[in-house]
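Protein chains in written order, with this note's numbering: chain H, 1 to 158; chain A, 1001 to 1158.
I have placed the structure first, in the form of C-alpha cells, so that the comments after it can refer back to it.
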DNA sequence: TCAGGATAGTACTAATTAGTACTAATGATA
DNA sequence: TATCATTAGTACTAATTAGTACTATCCTGA
C-alpha cells in the first residue's frame, strides 16, 4: 500500500505559502512574511518566552529562529530581554507594534482556512486537524527522543 | 472557531523534512536530498515530460525546478532532451542511475509513513489522505484560476 | 569547590524555494 | 502575413531553513 503523505504535505506547504504570502500583500501587510507570521502567531499565545521554548512551539530549530528574530527585531515587532535568573537565557517579547497587525493577520488566516476547507463539513475539519496533531506529535516524539528502543536515552535537544 | 491548519502543516513539513533527510543519510543516500527526492518521485510515475508539467505535478514553480534540475542533471540523475515538436520545450528524462536509488527511496518512504501514521487505523489514514488531496485541490484551483468571481478569466500560469 | 557535561544562544555556510525580468518560440487574428 | 499575446524555459536575487561549530553560563557530584 503506497502512501503519499509527505509528498502531499510538502506540496500543500508550498502552495499555501505562496497563496498566504500573496494574501498578506493584498491586505497591505508588506512588513510580515508568512514565516515571520507563524513566529508571531506562536508568540501571541504565549509571550515573553526564551528562544528554545519558541523553537519547541514552532518546530523550528533555534538556529533558524536566531535569524528570523533578528529580522523581527529590526522591524520592531519583538525585543530581546535578558532573563534575570539565568544569564544564558534571553526572552522574546512582543512590542506594541503588532497590536494592529494581529487583527489583519487573523482575517487573512481565516480566509486561508475557509479556502483550504472549502467543501468540508465541520466534522471533517475536526477529524482532519485531529489527525494532523497526532502526526505532528508522532514526528516530534521521534525527533526529540529519537524513539530509541532502550539505549542511552539522553535526549539530545539538537 | 479558530483553525490551525496552515500552522500545523508548516510544522509537519519542517519536522518531517528534517527526519526524512536524516533517514536518507542513514541509508547511505548522500546524493539525494528530500527535495530532490520529491522531484524524482514525481518523475517515477510519469517520465519524459516537459518542465512546466513537472511543475504542475510537484506544485513547485518552474523557476525552482530550473535550479533543482541543474543539480539533478549535474549528479547524473536526469537529462534534458529537446522536444522535437515544439522547440521551446525540453523534456526531462530519468537516467539509469536511479534504478537502485528507487528501491532504497521507497523503503525510506515506507519507514516515514509508518512513523507518521503510528497509532492510525487503515480507515483513518484513508480519510486523512483523502482530506489532504481535497485541500491540495482547493489550493491549486485557487492559485491557478485565482478563483476570480467572474472577471477576465485569463488563467495566467505564473 | 571545581571539573565535566549539559544548556542557551549565535555566526557562518549551504540548500530549497519563489519572484522579477528576461529570451526564444509559438499561435491567433486582423 | 505581420503583429501581438501567450507559452517554455532561464538568470539573478532574496527569503526561509537547518547543520556545524562556537562561546558563555549553569549544574552535578566527587
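Using N, Cα and C, we set each Cβ at its ideal position, and we do this for glycine too.
*With distances taken between CB atoms, is the gap from residue 1021 (chain A) to residue 1034 (chain A) smaller than 8 Å?*
In the second chain, residue 1021 (chain A) corresponds to position 21, counting from 1. In the second chain, residue 1034 (chain A) corresponds to position 34, counting from 1. Their beta carbons are under 8 Å apart, which means residue 1021 (chain A) touches residue 1034 (chain A) by this criterion.
_Minimum C-alpha distance to residue 1026 (chain A) - residue among A:1120, A:1107, A:1137 and A:1114_ = To locate residue 1026 (chain A), count along the second chain from 1; it is residue 26. Checked all of A:1120, A:1107, A:1137 and A:1114; the closest Cα to residue 1026 (chain A) is A:1107.
_From the DSSP secondary-structure annotation, give me the bridge partner or partners of residue 1050 (chain A)._
Taking the first residue of the second chain as 1, we reach residue 1050 (chain A) at position 50. Its beta-bridge partners are A:1091.
*Span separating the alpha-carbon of residue 134 (chain H) from that of residue 1016 (chain A)*: As a position in the first chain, residue 134 (chain H) is number 134, starting the count at 1. As a position in the second chain, residue 1016 (chain A) is number 16, starting the count at 1. Straight-line Cα distance between these residues: approximately 13 Å.
*Are the C-beta atoms of residue 1149 (chain A) and some chain H residue less than 8 Å apart?*
Position 149 of the second chain holds residue 1149 (chain A). Low per-residue confidence applies at residue 1149 (chain A): pLDDT is 39, beneath 50, and the placement is therefore not dependable, though the value from the model is reported in the following sentence. No, no contact with chain H.
*Report the residue from H:92, H:42, H:116 and H:85 whose alpha carbon sits nearest the alpha carbon of residue 66 (chain H).*
Within the first chain, numbered from 1, the residue matching residue 66 (chain H) stands at position 66. The alpha carbon of residue 66 (chain H) has as its nearest neighbour, out of H:92, H:42, H:116 and H:85, the alpha carbon of H:92.
_CB contact below 8 Å: residue 1026 (chain A) versus chain H_ = The residue you call residue 1026 (chain A) lines up with position 26 of the second chain. It does not: the Cβ of residue 1026 (chain A) has no partner Cβ on chain H nearer than 8 Å.
_Contact check, residue 1036 (chain A) vs residue 59 (chain H), beta carbons under 8 Å_ = Taking the first residue of the second chain as position 1, residue 1036 (chain A) is located at position 36. Taking the first residue of the first chain as position 1, residue 59 (chain H) is located at position 59. Cβ distance not < 8 Å, so residue 1036 (chain A) and residue 59 (chain H) don't count as in contact.
*Could you pull out every unbroken alpha helix (DSSP H) segment of at least 4 residues lying fully inside the stretch 1017-1088 of chain A, listed in chain order?*
With a minimum length of 4 residues, the continuous alpha helix (DSSP H) runs that stay inside the stretch 1017-1088 of chain A are 1034-1045, 1051-1058 and 1062-1074.
*For residue 23 (chain H), which residues from the same chain have a beta carbon less than 8 Å from its beta carbon, with the 5 sequence-adjacent residues on both sides left out?*
Position 23 of the first chain, counted from the start, is the residue given in the question as residue 23 (chain H). Result list for residue 23 (chain H): 108, 111 and 112, in chain order.
*Cut-off 7 Å between Cβ atoms - residues of its own chain near residue 1055 (chain A), not counting five sequence neighbours on either side*: In the second chain, residue 1055 (chain A) corresponds to position 55, counting from 1. Cβ neighbours of residue 1055 (chain A) beyond the five flanking positions: 1061, 1062 and 1065.
*Helix or strand or just coil, what does DSSP make of residue 1004 (chain A)?*
Here residue 1004 (chain A) corresponds to residue number 4 of the second chain, with the count starting at 1. DSSP places residue 1004 (chain A) in coil when its eight states are reduced to three.
*Please list, in chain order, all residues of the same chain as residue 177 (chain H) whose beta carbon is under 8 Å from its beta carbon, the five residues on each side excluded.*
Any property of residue 177 (chain H) remains undetermined from this structure, which presents chain H solely from 1 to 158.
*Could you check the C-alpha separation between residue 983 (chain A) and residue 137 (chain H) for me, to the nearest Å?*
Residue 983 (chain A) falls outside the range modelled here, since chain A spans only 1001 to 1158, and no answer is possible.
*If I'm right that residue 19 (chain H) touches residue 1139 (chain A) with Cβ under 8 Å, what's the distance once you round it to whole angstroms?*
Position 19 of the first chain, counted from the first residue, corresponds to residue 19 (chain H). Position 139 of the second chain, counted from the first residue, corresponds to residue 1139 (chain A). For residue 19 (chain H) against residue 1139 (chain A), the beta-carbon gap comes to about 6 Å, under 8 Å, which counts as contact.
_By the three-class DSSP mapping on this structure, what secondary structure does residue 1128 (chain A) have?_
Residue numbering aside, residue 1128 (chain A) sits at position 128 when the second chain is read from its first letter. Here residue 1128 (chain A) sits in helix by DSSP.
_alpha helix (DSSP H) segment containing residue 1121 (chain A), residue limits_ = The count along the second chain starts at 1 and reaches residue 1121 (chain A) at position 121. Run containing residue 1121 (chain A): none; DSSP gives neither H nor E here.
*Tell me whether residue 134 (chain H) sits in a helix, a strand or coil according to DSSP, three-state version.*
Locating residue 134 (chain H) in the first chain gives position 134, counting from the first residue. DSSP, read as helix, strand or coil, puts residue 134 (chain H) in helix.
*Listing by chain order, which chain H residues have their CB less than 7 Å from the CB of residue 1059 (chain A)?*
Counting from one through the second chain, the residue named residue 1059 (chain A) turns up at place 59. Neighbours of residue 1059 (chain A) on chain H, chain order: 11, 14 and 15.
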